[in-house]
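What follows is a set of notes on a single structure, which appears directly below.
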Amino acid sequence: MDDRALIELCQCGHPAGFSRLLAAYQDRVYRTAYTFLRNREDARDLTQEVFLRTVRAVNSLDPDRPLWPWLRRVTTNLSLTLLKKRTPHLSLDALPESAQPQDCSAEPAWTQLEIREALGELPPLWRIVLTLRHQEELPYEEIARVTDLPVGTVKTYIFRGRRLLRERLALREGSHR
Amino acid sequence: MMTCQDDLVQMYVDGDLQPAEGDIVEAHLATCESCRRRAVFYKGLFWDLAHTERFAPASDLEPEALAEALRAEWVKGQEPKPVGAVALATLWFTANPVFTGTAHAAGRALASPAQAAGRALTGLGWRLIGRKGGGSR
Ligand SMILES: [Zn+2]
Chain Y
8 MDDRALIELC QCGHPAGFSR LLAAYQDRVY RTAYTFLRNR EDARDLTQEV
58 FLRTVRAVNS LDPDRPLWPW LRRVTTNLSL TLLKKRTPHL SLDALPESAQ
108 PQDCSAEPAW TQLEIREALG ELPPLWRIVL TLRHQEELPY EEIARVTDLP
158 VGTVKTYIFR GRRLLRERLA LREGSHR
Chain W
7 MMTCQDDLVQ MYVDGDLQPA EGDIVEAHLA TCESCRRRAV FYKGLFWDLA
57 HTERFAPASD LEPEALAEAL RAEWVKGQEP KPVGAVALAT LWFTANPVFT
107 GTAHAAGRAL ASPAQAAGRA LTGLGWRLIG RKGGGSR
């Protein structure tokens, strides 16, 4: 079922519309939320809220436009709101002391666990921006729009985030030897 | 001759450069072993970053219960609204508790291992539904 049919069914309150909406997008929303929040409970609660808001706004959705960008934007906004609420005094982009750049020239091969951990150590906002860039393949301008950050900041987070991951993963690799 | 520039190598691997700029980076890569390794690294990293959803566990939400809740939410939205009600379409954008906190009390559903999460989420007007063993409805 395409988005148009989904949206139209939901707009007229057809039960099949909501079931199919979830069948099509629940997992994707959940995984995106988990990537941002890295916590199952939060991702689950946030997924529910994303769909509730989608239903509340359903009459304003254009059946001719794909639904995922809307869902992604709500997911991103709610995640940012939650993260800011959690750490009101802590900048979302503050870099931990241990994450200062190190010199590294090793050519690492990393495991999934290692990259997952390295991602988890990034400031949340960096991780969100990197995910939007690489997983969602959004242009810088769109990431800036979704996250309400200046384009220059988005680029800074992306480039520094990737460099930091490289340093982290290279260090891990070094410590194995 | 270009010096080693991490950002440029990232942009090259990301396909983010103009052709002329790409040529310059390629010329540098041809002579610089360190940047070649860097480029290989970023290529692998970008692939992994494009597939981070693999790291997420599968959703354990019950779609049936959530679908019912969505339908109930839709029915509620059909009820006549007081004059001057704010357009719901814009609410998600601000995620402002002033607007979203009115729907339901979320308190009793929050006696879970995620109490900290619950507290934060309550402020957003959160409701926990369709959750395995939750029994919040
Ligand atoms: Zn070089």
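As they're listed, the protein sequences go chains Y and W. Counting in the numbering used here, the first sequence runs from 8 upward without gaps. Counting in the numbering used here, the second sequence runs from 7 upward without gaps. Glycine included, C-beta positions come from ideal geometry on N, C-alpha and C. Only a predicted model underlies this, so the values are computations on that prediction, with no experimental measurement involved.
Item: Interface positions of the region 52-68 of chain W facing chain Y (Cβ-Cβ less than 9 Å), listed along the chain; Value: 52, 53, 54, 55, 56, 57, 58, 59, 60, 61, 62, 63, 64, 65, 66 and 67
Item: Residues that residue 150(Y) contacts on chain W, provided the C-beta gap is smaller than 7 Å; Value: What residue 150(Y) touches in chain W: nothing, since even the nearest Cβ is about 13 Å away.
Item: Distance cut-off 7 Å: residue 10(W) Cβ against heavy atoms of ligand 1; Value: yes
Item: Neighbour-count burial assignment, residue 8(Y), 16 or more Cβ in a 10 Å radius; Value: exposed
Item: Any non-hydrogen atom of ligand 1 within 7 Å of residue 57(W) CB; Value: no
Item: Pair within 8 Å by beta-carbon distance, residue 150(Y) and residue 139(Y); Value: yes
Item: Sub-8 Å separation of residue 73(W) and residue 86(Y) beta-carbons; Value: no
Item: Inside the region 36-82 of chain W only - alpha helix (DSSP H) runs reaching at least 4 residues; Value: 39-55
Item: Cα-Cα separation between residue 14(W) and residue 31(Y), rounded to whole angstroms; Value: 38 Å
Item: Beta-carbon proximity list for residue 42(W), same chain, < 8 Å, skipping 5 on both sides; Value: 35
Item: Stretch-stretch touch, CB-based, cutoff 8 Å, three pairs: the region 159-173 of chain Y with the region 123-137 of chain Y; Value: yes
Item: Cα-Cα separation, residue 169(Y) to residue 65(Y); Value: 37 Å
Item: Endpoints, the alpha helix (DSSP H) within which residue 119(Y) is located; Value: 119-128
Item: Contacting residues, own chain, Cβ-Cβ under 7 Å from residue 54(Y) (five flanking each side not counted); Value: 33, 36, 37 and 40
Item: Residue interval of the alpha helix (DSSP H) (run including residue 155(Y)); Value: Taken as a continuous stretch (DSSP letters only), residue 155(Y) belongs to no alpha helix (DSSP H), as it is neither H nor E.
Item: Chain Y contact for residue 21(W) (CB, 8 Å cutoff); Value: no
Item: Cβ-based burial, residue 84(W) [other Cβ within 10 Å; buried from 16]; Value: exposed
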